[in-house]
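Just so you know, the protein sequences line up as chains V and G, in that order.
Sequential numbering of the first sequence, starting at 56, is according to our numbering.
Sequential numbering of the second sequence, starting at 634, is according to our numbering.
Yeah, the Cβ is synthetic: ideal placement off N, Cα and C, and Gly gets one too.
To keep things clear, I will list the structure first and then write my remarks on it.
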Amino acid sequence: RKEVEQDPGPFNVPEGATVAFNCTYSNSASQSFFWYRQDCRKEPKLLMSVYSSGNEDGRFTAQLNRASQYISLLIRDSKLSDSATYLCVVRGSTLGRLYFGRGTQLTVWP
Amino acid sequence: DTEVTQTPKHLVMGMTNKKSLKCEQHMGHRAMYWYKQKAKKPPELMFVYSYEKLSINESVPSRFSPECPNSSLLNLHLHALQPEDSALYLCASSQQQGETDTQYFGPGTRLTVL
Chain V
56 RKEVEQDPGP FNVPEGATVA FNCTYSNSAS QSFFWYRQDC RKEPKLLMSV
106 YSSGNEDGRF TAQLNRASQY ISLLIRDSKL SDSATYLCVV RGSTLGRLYF
156 GRGTQLTVWP
Chain G
634 DTEVTQTPKH LVMGMTNKKS LKCEQHMGHR AMYWYKQKAK KPPELMFVYS
684 YEKLSINESV PSRFSPECPN SSLLNLHLHA LQPEDSALYL CASSQQQGET
734 DTQYFGPGTR LTVL
């Protein structure tokens, strides 16, 4: 079983749509949780860390459910520039060791 | 500033060549990482250096040899690579301070092995 499971998509949505990505992780001892964004042929860039209480950054909302070992990312009012691959990332109990989901590809069309 | 730099941006090498990839950060981070990423796949961890010492080696073949000359620099020496080693090689760094520790990635070196 993979450490992090993520729906690869692709998700194709019109501008202005709301889209949600989900992710599950297998290790209940996991320490920290992140969403990274990766544009085609570029490096992953941190979008947001995910906290137990849930957190919001502008149009982006991340939620963590430790009991269900489930992480989500909600994007409201999608922009063309949101088109990218979104990576769900979990840190295990070993410091420095990240586990990546396979990424969810999002395309926002005009 | 959360900048990690990598050189070169692109590298083409033959199977008998020896080359090196370089990574640099000036954020005072104490951990540095090498990842390999193939197309449409997530990054795969290769090596972790913590306080300039190798702390994780993910069973990487010996044709890849990491080196950490100081806390700001990380090299990856390449020798006798195979065509299947062609990939994007990403360097990352982090403060390595508990649960809030966040890894920042460099732009990568796109390697082609002929």
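Are residue i and residue j touching if we call contact CB-CB under 9 Å?
{"i": "residue 141 (chain V)", "j": "residue 128 (chain V)", "result": "yes"}
{"i": "residue 147 (chain V)", "j": "residue 84 (chain V)", "result": "yes"}
{"i": "residue 124 (chain V)", "j": "residue 159 (chain V)", "result": "no"}
{"i": "residue 727 (chain G)", "j": "residue 151 (chain V)", "result": "yes"}
{"i": "residue 737 (chain G)", "j": "residue 643 (chain G)", "result": "no"}
{"i": "residue 744 (chain G)", "j": "residue 648 (chain G)", "result": "no"}
{"i": "residue 739 (chain G)", "j": "residue 658 (chain G)", "result": "yes"}
{"i": "residue 112 (chain V)", "j": "residue 103 (chain V)", "result": "yes"}
{"i": "residue 696 (chain G)", "j": "residue 672 (chain G)", "result": "no"}
Where does residue i land, buried or exposed, given buried means 16+ other C-beta within 10 angstroms?
{"i": "residue 98 (chain V)", "result": "buried"}
{"i": "residue 715 (chain G)", "result": "exposed"}
{"i": "residue 92 (chain V)", "result": "buried"}
{"i": "residue 119 (chain V)", "result": "buried"}
{"i": "residue 747 (chain G)", "result": "exposed"}
{"i": "residue 675 (chain G)", "result": "buried"}
{"i": "residue 139 (chain V)", "result": "buried"}
{"i": "residue 699 (chain G)", "result": "buried"}
{"i": "residue 826 (chain G)", "result": "This structure leaves residue 826 (chain G) out entirely; chain G is present only between 634 and 747."}
{"i": "residue 734 (chain G)", "result": "buried"}
{"i": "residue 61 (chain V)", "result": "buried"}
{"i": "residue 143 (chain V)", "result": "buried"}
{"i": "residue 687 (chain G)", "result": "exposed"}
{"i": "residue 135 (chain V)", "result": "exposed"}
Our contact map puts residue i next to residue j with C-beta atoms below 8 Å; I'd like the distance itself, whole angstroms only.
{"i": "residue 87 (chain V)", "j": "residue 732 (chain G)", "result": "5 Å"}
{"i": "residue 115 (chain V)", "j": "residue 126 (chain V)", "result": "Contact doesn't hold; Cβ gap of about 13 Å is too wide."}
{"i": "residue 117 (chain V)", "j": "residue 105 (chain V)", "result": "4 Å"}
{"i": "residue 69 (chain V)", "j": "residue 164 (chain V)", "result": "6 Å"}
{"i": "residue 132 (chain V)", "j": "residue 161 (chain V)", "result": "Actually they are not in contact, since the Cβ atoms of residue 132 (chain V) and residue 161 (chain V) sit about 14 Å apart, beyond 8 Å."}
{"i": "residue 58 (chain V)", "j": "residue 77 (chain V)", "result": "Actually they do not touch by this definition, with Cβ atoms about 16 Å apart."}
{"i": "residue 703 (chain G)", "j": "residue 717 (chain G)", "result": "Wrong, their Cβ atoms sit about 32 Å apart, outside the cutoff."}
message = Ignoring anything shorter than 4 residues, give me the alpha helix (DSSP H) runs that lie fully in the region 651 to 713 of chain G, in order along the chain.
response = none
query = Counting pairs of beta carbons, one from the region 634 to 650 of chain G and one from the region 714 to 729 of chain G, are three or more of them closer than 8 Å?
reply = yes
key: Given 8 Å, three or more beta-carbon pairs between the region 647 to 658 of chain G and the region 700 to 709 of chain G   = yes
message = Please give the ranges of any beta strand (DSSP E) in the region 68 to 116 of chain V, keeping only runs that are unbroken, at least 3 residues long and fully inside the region.
response = 74 to 80, 87 to 93, 99 to 105, 110 to 112
ask   = Does the region 680 to 688 of chain G come close enough to the region 658 to 669 of chain G that 3 or more CB-CB pairs lie under 8 Å?
value = Yes, since at least three Cβ pairs between the region 658 to 669 of chain G and the region 680 to 688 of chain G fall closer than 8 Å, the two stretches touch.
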